[in-house]
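The next block holds one structure in the form of structure tokens; read it before the comments.
2 protein chains.
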Amino acid sequence: MLSKNTVKFIKSLHQKKYRAEHQKFFVEGEKSVVEVINSDFIIDFLVATPDFIERHNVLLKKCSFEIIQATKNQLESLGQYQSNDSALAVVKQKVNEAFTPDRNELVVALDDVRDPGNLGTIIRIADWYGIKKLLFSSQTADFYNPKVIQASMGSFTRIQFFYGDLPTVLSSWNLPVYGAFLDGENLHGLSKVEPGVILMGNESKGISPEVEPFVSRKITIPAFGSAESLNVAIATAVLCDNFKRLIG
Amino acid sequence: MLSKNTVKFIKSLHQKKYRAEHQKFFVEGEKSVVEVINSDFIIDFLVATPDFIERHNVLLKKCSFEIIQATKNQLESLGQYQSNDSALAVVKQKVNEAFTPDRNELVVALDDVRDPGNLGTIIRIADWYGIKKLLFSSQTADFYNPKVIQASMGSFTRIQFFYGDLPTVLSSWNLPVYGAFLDGENLHGLSKVEPGVILMGNESKGISPEVEPFVSRKITIPAFGSAESLNVAIATAVLCDNFKRLIG
Numbered sequence: 007m008l009s010k011n012t013v014k015f016i017k018s019l020h021q022k023k024y025r026a027e028h029q030k031f032f033v034e035g036e037k038s039v040v041e042v043i044n045s046d047f048i049i050d051f052l053v054a055t056p057d058f059i060e061r062h063n064v065l066l067k068k069c070s071f072e073i074i075q076a077t078k079n080q081l082e083s084l085g086q087y088q089s090n091d092s093a094l095a096v097v098k099q100k101v102n103e104a105f106t107p108d109r110n111e112l113v114v115a116l117d118d119v120r121d122p123g124n125l126g127t128i129i130r131i132a133d134w135y136g137i138k139k140l141l142f143s144s145q146t147a148d149f150y151n152p153k154v155i156q157a158s159m160g161s162f163t164r165i166q167f168f169y170g171d172l173p174t175v176l177s178s179w180n181l182p183v184y185g186a187f188l189d190g191e192n193l194h195g196l197s198k199v200e201p202g203v204i205l206m207g208n209e210s211k212g213i214s215p216e217v218e219p220f221v222s223r224k225i226t227i228p229a230f231g232s233a234e235s236l237n238v239a240i241a242t243a244v245l246c247d248n249f250k251r252l253i254g
Numbered sequence: 007m008l009s010k011n012t013v014k015f016i017k018s019l020h021q022k023k024y025r026a027e028h029q030k031f032f033v034e035g036e037k038s039v040v041e042v043i044n045s046d047f048i049i050d051f052l053v054a055t056p057d058f059i060e061r062h063n064v065l066l067k068k069c070s071f072e073i074i075q076a077t078k079n080q081l082e083s084l085g086q087y088q089s090n091d092s093a094l095a096v097v098k099q100k101v102n103e104a105f106t107p108d109r110n111e112l113v114v115a116l117d118d119v120r121d122p123g124n125l126g127t128i129i130r131i132a133d134w135y136g137i138k139k140l141l142f143s144s145q146t147a148d149f150y151n152p153k154v155i156q157a158s159m160g161s162f163t164r165i166q167f168f169y170g171d172l173p174t175v176l177s178s179w180n181l182p183v184y185g186a187f188l189d190g191e192n193l194h195g196l197s198k199v200e201p202g203v204i205l206m207g208n209e210s211k212g213i214s215p216e217v218e219p220f221v222s223r224k225i226t227i228p229a230f231g232s233a234e235s236l237n238v239a240i241a242t243a244v245l246c247d248n249f250k251r252l253i254g
């Protein structure tokens, strides 16, 4: 049974402060919950409807975490989904561990992308284009925000990421850094590029002056009309698409 | 002064039913309001703070519509913006008039794109890529939904559109129709394309069986990773980017 304390605990995970304190977060909805169970994330416990438990009994039998039964209404009061008749998993956060990319892989780095929806969408885009590693500045939205998890559509389970100081990390990697600017080289004019880092800036300010010196090439998506800008997730998709087309 | 009836009238425009009945909609925020005043849309009346009126007095002197003064709090209670200390314009809807594209231009057509945020983002993308004409199926989100207007970031003033029956319209145009599918030709493999219609389907169902026969080429954005799909606005951007790169 779902205790008052458990309810209170899950509700606290809507806030970053408590997610950080407990090093936990939650995942909602059938598809994402099944994906997180099958991933290398460690499940703390699961809250699920009897239907969900029955439908996934083969998967759940192999698991050792606690399973708490709940109704649809209870699930909906715990999470942020308007409708959830399946499950909610409380999951351990990963340790924020630095990695070094291989010479032949593309990486996406975000300089203060603040909107959780944008971050989640960018994670999904990276996963579509087979980009496995992402680097986030410390001011970038919290990866474990429920809106990030939701917008990533399960892709959050398939990428590696860490939060770090971009100048320090980018200079230690010593890879080409392709920064998205409004006044750079025409993206469509590139004919050959080396793998490296695709760097995207903040929604309103773009790439910050502190990070700009670490950009090796400024790249611009050509505008043919009159819109002043593109949303950062849209721009990330267009850059990833062109780089994957050129690099393969 | 802002009368009770005016307040009631503006609030009714949050609903499609009343927007259709009155053939009006509203536009909020400084940038979008200035853009709509400068566009070929006809303003019914303007609600604005004294500061906004003073800042834009040169522009407003040339206008003949009524200007009603209001406070920031009043503006925020009328519209959907959490913060609005500038203006809200009530604007006449355009007549739903069919057009025929030129042979050398790209057009975007939407088959039941239901989410207003997606529609607004697609309008902004079209405007970025200089695509001036859009065709919407009758089940596509309402162009005049405040969320569409907001997400388009002013681009709604710079495009032409109409709602129509896609099979009828597409067959009358007799142009190549490039449909976004998950099992079509590799977008990156295209080397030459003729201008025509980029057709995008519904968020969950894709292009409907009734419209599919009017597709001349099925196109797929190549996946390099494991995400199952891309958001429809993201996919529209990637298709527009590739077509503009190939066509210029």
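Protein sequences appear in the order of chains A and B.
Counting the first sequence from 1 gives a position; our numbering is that position plus 6.
Counting the second sequence from 1 gives a position; our numbering is that position plus 6.
We put the CB at the ideal spot given by N, CA and C, even for glycine.
All figures in this text were calculated on a predicted structure; none of them were measured in a lab.
Using a C-beta cutoff of 8 Å, does residue i count as contacting chain B?
i: Tyr135/A; result: yes
i: Phe162/A; result: no
i: Thr77/A; result: no
i: Thr226/A; result: no
i: Asn63/A; result: no
i: Met159/A; result: yes
i: Leu140/A; result: no
i: Arg120/A; result: no
i: Leu236/A; result: yes
What's the C-alpha gap between residue i and residue j?
i: Ala115/B; j: Gly123/A; result: 25 Å
i: Ala147/B; j: Ala157/B; result: 13 Å
i: Leu196/A; j: Arg251/B; result: 11 Å
i: Gln88/B; j: Gln99/A; result: 32 Å
i: Leu188/B; j: Tyr135/A; result: 14 Å
i: Ala229/B; j: Leu19/A; result: 33 Å
i: Ser232/A; j: Gly231/B; result: 33 Å
i: Leu205/A; j: Leu141/A; result: 9 Å
i: Ala104/A; j: Lys224/B; result: 42 Å
i: Arg120/B; j: Tyr150/B; result: 13 Å
i: Glu36/A; j: Ala93/A; result: 6 Å
i: Met7/B; j: Ala76/B; result: 7 Å
i: Ser210/A; j: Phe167/B; result: 29 Å
i: Ile155/B; j: Val53/B; result: 17 Å
i: Arg164/A; j: Phe15/B; result: 49 Å
i: Val39/A; j: Gly170/A; result: 28 Å
i: Asn79/B; j: Asp91/B; result: 8 Å
i: Val42/B; j: Gln29/B; result: 16 Å
i: Val199/B; j: Leu193/A; result: 19 Å
Given that residue i touches chain E, what residues does it touch there, using C-beta distances under 7 Å?
i: Ser232/B; result: You won't find chain E in this structure, because its protein chains are A and B.
Does residue i come out as helix, strand or coil in the three-state DSSP assignment?
i: Val119/A; result: coil
i: Gln80/B; result: helix
i: Gln156/B; result: helix
i: Thr63/A; result: The sequence given here has Asn at residue 63/A, not Thr. Note: Asn63/A maps to helix in three-state DSSP.
i: Asn192/A; result: strand
i: Arg109/B; result: coil
i: Tyr169/B; result: strand
i: Gly185/B; result: strand
i: Val101/B; result: coil
i: Asp57/B; result: helix
i: Thr221/B; result: Here residue 221/B turns out to be Val, not Thr, going by the sequence shown. Three-state DSSP puts Val221/B in coil, outside helix and strand.
i: Asp133/A; result: helix
i: Lys30/B; result: strand
i: Ala44/B; result: The question names Ala, yet the displayed sequence has Asn at residue 44/B. The answer is coil: DSSP assigns Asn44/B none of H, G, I, E or B.
i: Phe51/B; result: strand
i: Phe162/A; result: helix
i: Val114/B; result: strand
i: Phe149/B; result: coil
i: Lys139/A; result: strand
i: Val203/A; result: strand
Since residue i and residue j are thought to touch, with beta carbons under 8 Å apart, how far apart are those beta carbons, to the nearest angstrom?
i: Ser143/A; j: Asp118/A; result: 5 Å
i: Leu112/B; j: Ile137/B; result: 5 Å
i: Ile74/A; j: Thr12/A; result: 7 Å
i: Ala239/A; j: Gly207/A; result: In fact, because the Cβ distance is near 13 Å, the residues do not count as touching under 8 Å.
i: Phe276/A; j: Ser177/A; result: With chain A covering only 7 through 254, there is no way to say anything about residue 276/A.
i: Val217/A; j: Pro173/A; result: 6 Å
i: Leu181/B; j: Gly202/B; result: 4 Å
Under 8 Å between C-beta atoms, does residue i make it to chain A?
i: Asn110/B; result: no
i: Phe127/B; result: Per the sequence presented here, residue 127/B reads as Thr, with Phe not at that position. So, interface residue.
i: Ala229/B; result: yes
i: Arg223/B; result: no
Return the residues of the region 240 to 254 of chain A that lie within a Cβ-Cβ distance of less than 8 Å from chain B, sorted by chain order. Ile240, Ala243, Val244, Asp247, Asn248, Lys250 and Arg251
What residues in the region 16 to 42 of chain B have a beta carbon less than 7 Å from any beta carbon of chain A? none
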